[in-house]
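Note that the working numbering has the sequence shown beginning at 78, numbered continuously upward. Positions of the beta carbon are idealized from the N, C-alpha and C atoms, including for glycine. Taking it in order: structure first as structure tokens, then the write-up.
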Amino acid sequence: YNANLDLAIKYSEDQDLSKEPGRKKEINSYNSFRLDYYRSVNYIDRYVGEIMDKLKALSRDKDTMVVFTSDHGDMLGEHGLNLKMCFYDASVKVPLLIHIPGQWENSELDDRPVMQLDLVPTIAKQFNIETENNLPGIDLVNDSYGHDRPIYSEMVSSFGADVAQYGYENHVRMVKTDKWKYFAKAFGSDELYDLTQDPKENNNLGQNLEYESICNKMKILIDQNLGQFKVDDIKIVG
């Protein structure tokens with residue numbers, strides 16, 4: 078499925094790329110990789126704690142909004158992968174902790190789906206900042222939404238080492254509902270997972286004709302919500 082994904086592809090889909098140049102990372106075992114990751118998590122936890130303690134010491138903990146999140150997770154051996162650049166839950170499901178003085182005084186765990194696009198309208202509303210009416214995302218504090226809310230993500234590998242070493246530009250868009258997760262790819266076969274029956278995303282239904290209508294519905298959701306954004310509009314800063 079290539080709607081709105083008009084990126085140049087150097088190789089055909091059925092071409093053997095196993096001998097083409099590619100990035101290589103030596104990992105003795107996924108266990109050692111996980112150990113390094115847990116060390117990093119412990120390091121971050123320690124210094125976030127110091128920041129919170131400092132806010133309290135300065136008497137600023139009652140008037141400071143704190144948001145803790147990440148741009149992506151890491152694969153730690155799931156699906157035989159490491160690092161990121163995919164849409165399995167280990168890579169895209171990240172923590173989001175929000176502290177707002179006067180709100181949620183008792184800690185709450187909310188398992189409704191959210192996106193990082195929601196952070197801008199949420200923060201803007203707290204500080205009475207005017208935003209454009211068509212700003213994507215919702216105010217997580219005041220807007221109502223449910224577990225059936227579709228969420229989206231997008232990955233573009235059209236620069237740097239991916240083009241130089243893999244020889245193609247890749248672009249993947251994802252939509253996730255309470256039951257389904259679907260990847261629309263510019264390179265390779267699309268993927269569909271039934272999250273209620275297959276929460277670990279091991280059984281790809283994307284090429285199963287029995288689920289063609291589901292795939293088509295997910296494609297429409299992607300076109301309606303991400304189709305307005307073009308890769309050419311992306312600006313790399315820095």
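Three-state secondary structure assigned by DSSP to residue i
{"i": "N280", "result": "coil"}
{"i": "Q259", "result": "First, the residue type needs correcting, since residue 259 is Tyr and not Gln in the sequence shown. Reduced to three states, the DSSP call for Y259 is strand."}
{"i": "I299", "result": "helix"}
{"i": "Y288", "result": "helix"}
{"i": "I121", "result": "helix"}
{"i": "H156", "result": "helix"}
{"i": "S221", "result": "coil"}
{"i": "R250", "result": "strand"}
{"i": "S109", "result": "helix"}
{"i": "L94", "result": "Bear in mind that the predicted position of L94 carries a pLDDT of just 48, short of 50, making it unreliable; the figure below should be weighed with that in mind. DSSP places L94 in coil when its eight states are reduced to three."}
{"i": "N79", "result": "Because the pLDDT at N79 is just 39, under 50, the model does not fix this residue reliably, and the value given afterwards should be weighed accordingly. Note: N79 maps to coil in three-state DSSP."}
{"i": "I206", "result": "coil"}
{"i": "I228", "result": "strand"}
{"i": "P213", "result": "coil"}
{"i": "V314", "result": "Its pLDDT being 44, under 50, V314 is placed unreliably by the model, and nothing is read from it."}
First through last residue of the beta strand (DSSP E) which encompasses residue i
{"i": "D271", "result": "268 to 271"}
{"i": "V143", "result": "143 to 146"}
Supposed contact pair residue j and residue i - C-beta distance, whole angstroms, cut 8 Å
{"i": "L153", "j": "Y107", "result": "6 Å"}
{"i": "V197", "j": "L212", "result": "7 Å"}
{"i": "R226", "j": "P190", "result": "6 Å"}
{"i": "I299", "j": "L269", "result": "Contact flag wrong, Cβ pair sits at about 12 Å."}
{"i": "Q203", "j": "M129", "result": "Not a contact, Cβ separation roughly 18 Å."}
{"i": "V144", "j": "I175", "result": "5 Å"}
{"i": "T199", "j": "L217", "result": "5 Å"}
{"i": "D151", "j": "L160", "result": "6 Å"}
{"i": "Q180", "j": "T146", "result": "The Cβ separation is near 17 Å, so there is no contact."}
{"i": "D271", "j": "K253", "result": "With 8 Å as the limit, D271 and K253 do not qualify as a contact, their Cβ atoms being about 12 Å apart."}
{"i": "D195", "j": "G214", "result": "4 Å"}
Notebook entry, point to check: Three or more C-beta pairs closer than 8 Å, one from the stretch 215 to 235 and one from the stretch 158 to 176: is that the case here?
Noted result: Output reads yes: the stretch 158 to 176 touches the stretch 215 to 235.
Q. Taking the runs of the beta strand (DSSP E) that are 3 residues or longer, which of them lie wholly in the stretch 159 to 197?
A. Qualifying beta strand (DSSP E) stretches, in chain order: 173 to 176.
Self-check item: Contact between the stretch 200 to 218 and the stretch 275 to 293 (3+ Cβ pairs under 8 Å)
Solution: no
Report task. Check whether the stretch 249 to 264 touches the stretch 158 to 166, counting contact only when three or more Cβ pairs, one atom from each stretch, lie closer than 8 Å. Result -> yes
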